[in-house]
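Residues in the sequence shown are numbered from 36 upward in steps of one, following this note's numbering.
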Amino acid sequence: MAAKTFKQVIKARDQTAHLYKLKVLKSDDEQRLVFGWANVTIRIDGEQIVDWQKDIIDTEDLEKAAYEYVAHFGTAGEMHRRGGVGRLVESMVFTKEKATALEIPKDILPEGWWIGFHIEDEEVWEKVKSGVYPMFSIEGKAVRVPIKEGGESDGDNA
């Protein structure tokens, strides 16, 4: 993979697509490290992401879930079926407030959860390297709240 800055990677993404494909952005074969976005909630242009399951996640909810995951789990699984194939080595939820505190310009990063894993399982690592597993998938449980026309949640189901 040719070396690129974060700005180049993010700017190269299609900012008009309704679905945001979260690819593995960096890996280190020697150390078995893989990095990328676990989830992006808000695009650089401020648009909220609709994921592949037609769901949206508020940044605040993603941040809480990320902290819970790091505090209590911190392991990688394989296809939501087999756990313990790797361990979390890096995690940061980028919010507007954190970007401001870090002096990251507004047009550089979306809001979302950046992660990195050390993959310990040989078979899984080979699948990451070969592209069989080209992206991350977060597994979690949530209550779906229908969104009314105009973006407001339906308070009757909350």
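Positions of the beta carbon are idealized from the N, C-alpha and C atoms, including for glycine. Note that the structure is a prediction, hence the values are computed from the model and not measured.
| Query | Result |
| --- | --- |
| Beta-bridge partners of His153, as assigned by DSSP | Leu68, Arg122 |
| Nearest to Trp72 (by Cα), restricted to the options Gly119, Glu95, Gly151 | Gly151 |
| 7 Å CB neighbourhood of Gly109 in its chain, flanking five on each side removed | Arg122, Leu123 |
| Local Cβ density within 10 Å of Gly119, reported as buried at 16 or more and exposed below that | exposed |
| Chain-order list of residues whose beta-carbon lies under 7 Å from that of His142 (same chain, five-residue window excluded) | Looking at the sequence provided, one finds Asp at residue 142 rather than His. Ile79. |
| Opening and closing residue of the alpha helix (DSSP H) in which Glu132 lies | 131-136 |
| Test: Gly71 CB closer than 9 Å to a CB of chain D | Among the protein chains of the structure shown there is no chain D, as only one such chain exists. |
| C-beta atoms of Trp12 and Val75 nearer than 9 Å | Since the first residue of the chain shown is 36 and the last is 193, residue 12 is not available in this structure. |
| Buried versus exposed call for Thr94 [16 or more other C-beta atoms within 10 Å across all chains shown] | buried |
| Helix, strand or coil at Val159 [DSSP, three-state] | helix |
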